[in-house]
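Written below as structure tokens is the structure these notes are about.
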Amino acid sequence: MDDIFKTIKLISSYLPKNKFSSIFSQNLNNNHLIKSNIVIKKNIPPQNQSSMDGIAITNVGKKFKIIGKSKLNIFNKIKVNSNECLIVKTGSLIPDNIKYIVPQEQIFINEGNAYVINFNKNNKFIRKKGHIFKKGSKIDFQNKYLSFYELSSIKSLKDIKVKILQPLKFKIISTGSEFTKDHFILPTNGYYLNNFIKKNNHIVEKSIHIKDDQKLLLKEINNSKSDITVIIGGTGKSKDDINFENFNLIIDGLDLKPGRPFKLFIKKNKIYMFFPGNPCSSFVLTNIIIKSLIEIYNNRKSQIKYDLIDINNVKFNFKILKRKSFLFGLRDQKSIKVFNNQESSNLKNILYANCLIYYDRTNKLRLYQIND
199 MDDIFKTIKL ISSYLPKNKF SSIFSQNLNN NHLIKSNIVI KKNIPPQNQS
249 SMDGIAITNV GKKFKIIGKS KLNIFNKIKV NSNECLIVKT GSLIPDNIKY
299 IVPQEQIFIN EGNAYVINFN KNNKFIRKKG HIFKKGSKID FQNKYLSFYE
349 LSSIKSLKDI KVKILQPLKF KIISTGSEFT KDHFILPTNG YYLNNFIKKN
399 NHIVEKSIHI KDDQKLLLKE INNSKSDITV IIGGTGKSKD DINFENFNLI
449 IDGLDLKPGR PFKLFIKKNK IYMFFPGNPC SSFVLTNIII KSLIEIYNNR
499 KSQIKYDLID INNVKFNFKI LKRKSFLFGL RDQKSIKVFN NQESSNLKNI
549 LYANCLIYYD RTNKLRLYQI ND
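Structure representation (structure tokens):
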């Protein structure tokens, strides 16, 4: 049986080569991994702006002839001479020769003229062009997924092209005839994997649950065009389980608990993985294998983050473990607690754990934080 981390390295060699594309910033979403600096092509704003409602003037005075109005969506190229003014709104683009904005509260208008009541010329109320972004400036978002607040800012920038990494595409096939309306639980392994992939900003092209039907399963596998297809359940040895003689397996089992019955085959450069149907196995393989593959594809990093812990600092009888193991546990500021019941079917472990502790028969434990 194979080591899980050697298996991850093997699978990663079959990942598709990174494909990049350029899209306009307004079409970005939180599934897009940015792979270049965002370069600002024009000053934003492109002209000076008024920061107040009022009049725009070129000189200090008391009486100004109104020669036009500014608009928020169009730059008014009208020439403003001495003792003339434009009516402006907050955010209006204004000509370069405008020296001051007199706020609405400090003027009154009568018969086509604006009269200044009081004005402090030390406060010009003008926002300079490029005060948000100057032409040629760069925003460093390389190797980053954008948050919604970052997206709301970047998407407001018009006609700026951004280089992105095209996401991996997954297909999920959950199996099991036992999940009828009378069964005591519902099948949620596929639900978790589906949402895990989406939260990690990749695409699930199809997610289905089917009965234990070999012909139907083969049809769904053969129809898959996804980069990675994950089949959940049916990895046992009963007559209802999958007949693996139909597949050219390159991995047939892991030295691992939970997750030992994991299997892998490659067909036409596409990856097909079989996860055991018990919830803890599927959970562990999702958090370790799927997450590692996503990290490698995104950043070419070899493994996900973990903390190294001395085995003597954790109270648990590790001698009872016959295989390398991922153990469910709870970490707080003072200690690490390994749960006593590590049965693969114990759904409660998933509910209460905040970490997975990897035991590989050495005196050092790897602690992986669960955050997905």
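Each residue of the sequence shown is one higher than the last, beginning at 199 in our numbering. Where a beta carbon is used, it is the ideal one built from N, C-alpha and C, also for glycine.
Closest by C-alpha distance to residue i, when choosing among the options
i, options, result
"Lys-239", "Leu-291, Lys-336 and Gly-289", "Lys-336"
"Asn-235", "Ser-424, Ile-362 and Phe-273", "Ile-362"
"Ser-358", "Thr-427, Leu-416 and Phe-222", "Checking the sequence, you will find Ile at residue 358 rather than Ser. For the residues Thr-427, Leu-416 and Phe-222, the minimum Cα distance to Ile-358 belongs to Phe-222."
"Asp-530", "Ala-551, Ser-543 and Lys-546", "Ala-551"
"Leu-549", "Tyr-390, Cys-283 and Gly-457", "Tyr-390"
"Ile-507", "Ser-533, Tyr-470, Arg-521 and Leu-491", "Ser-533"
"Gln-364", "Ile-488, Ile-232 and Val-428", "Ile-232"
"Lys-461", "Asp-453, Phe-472, Lys-455 and Ile-307", "Phe-472"
"Ser-480", "Arg-498, Arg-458, Lys-423 and Asn-496", "Arg-458"
"Asn-225", "Lys-489, Thr-427, Ser-354 and Lys-261", "Ser-354"
"Pro-456", "Asn-441, Thr-373, Tyr-556 and Asn-246", "Tyr-556"
"Phe-523", "Ser-372, Lys-409 and Cys-478", "Note that residue 523 is Ser in the sequence shown here, rather than Phe. The shortest C-alpha separation from Ser-523 is found at Cys-478."
"Leu-565", "Lys-261, Ile-502, Phe-218 and Leu-270", "Ile-502"
"Arg-325", "Gly-310, Lys-332, Glu-403 and Asn-246", "Asn-246"
"Ile-440", "Asn-446, Gln-412, Asn-467 and Leu-452", "Gln-412"
"Leu-452", "Phe-526, Asn-467 and Thr-433", "Thr-433"
"Asn-279", "Asn-398, Ile-265, Asn-547 and Leu-447", "Ile-265"
"Val-300", "Phe-323, Gly-310, Gly-334 and Leu-416", "Phe-323"
"Asn-308", "Ile-276, Phe-339 and Lys-263", "Lys-263"
"Ser-490", "Ile-448, Asn-295 and Phe-394", "Phe-394"
"Ile-272", "Leu-447, Lys-287 and Lys-435", "Lys-287"
Pairwise C-alpha distance: residue j and residue i
i, j, result
"Tyr-347", "Asn-257", "41 Å"
"Gly-153", "Asn-510", "With the chain covering only 199 through 570, there is no way to say anything about residue 153."
"Val-575", "Lys-327", "In this structure the chain extends from 199 to 570, so residue 575 is not present and cannot be described."
"Ile-292", "Asn-281", "16 Å"
"Phe-317", "Ile-255", "12 Å"
"Lys-204", "Phe-368", "22 Å"
"Lys-215", "Gly-252", "57 Å"
"Phe-516", "Lys-499", "30 Å"
"Asn-227", "Gly-388", "24 Å"
"Val-512", "Phe-218", "45 Å"
"Asn-229", "Gln-302", "45 Å"
"Leu-414", "Ser-372", "12 Å"
"Phe-442", "Ser-350", "49 Å"
"Glu-403", "Asp-570", "20 Å"
"Lys-546", "Phe-514", "19 Å"
"Phe-526", "Leu-483", "13 Å"
"Asn-341", "Ile-401", "18 Å"
8 Å Cβ cutoff met for residue i and residue j
i, j, result
"Ile-464", "Tyr-212", "yes"
"Leu-554", "Asn-485", "yes"
"Ile-330", "Pro-244", "no"
"Tyr-298", "Ile-305", "no"
"Asn-497", "Ser-542", "no"
"Ile-370", "Ser-405", "yes"
"Ile-408", "Glu-418", "yes"
"Lys-269", "Ser-249", "no"
"Leu-454", "Arg-559", "no"
"Ser-210", "Ile-494", "yes"
"Lys-267", "Ile-285", "yes"
"Asn-399", "Tyr-343", "yes"
"Asn-444", "Leu-416", "yes"
Beta bridge counterpart(s) of residue i as assigned by DSSP
i, result
"Pro-301", "Gly-252"
"Val-314", "Ile-305"
"Ile-555", "Leu-525 and Leu-565"
"Asn-321", "Paired residues: none, contrary to the question."
"Val-286", "Gly-252"
"Asn-246", "Ile-292"
"Tyr-343", "Leu-231"
"Asp-200", "Leu-452"
"Leu-363", "Phe-218 and Leu-231"
*asked:* Threshold first: 3 residues or longer. Then list the beta strand (DSSP E) segments lying entirely within the region 377-461, N to C.
replied: Scanning the region 377-461 from its first residue to its last, the whole beta strand (DSSP E) runs of 3-plus residues come out as 401-408 and 426-430.
*Could you give the uninterrupted runs of the beta strand (DSSP E) lying entirely in the region 466-502, keeping only those of 3 residues or more?*
468-473, all fully within the region 466-502.
*What beta strand (DSSP E) runs, 3 residues minimum, are completely inside the region 211-238?*
The qualifying runs are 218-222.
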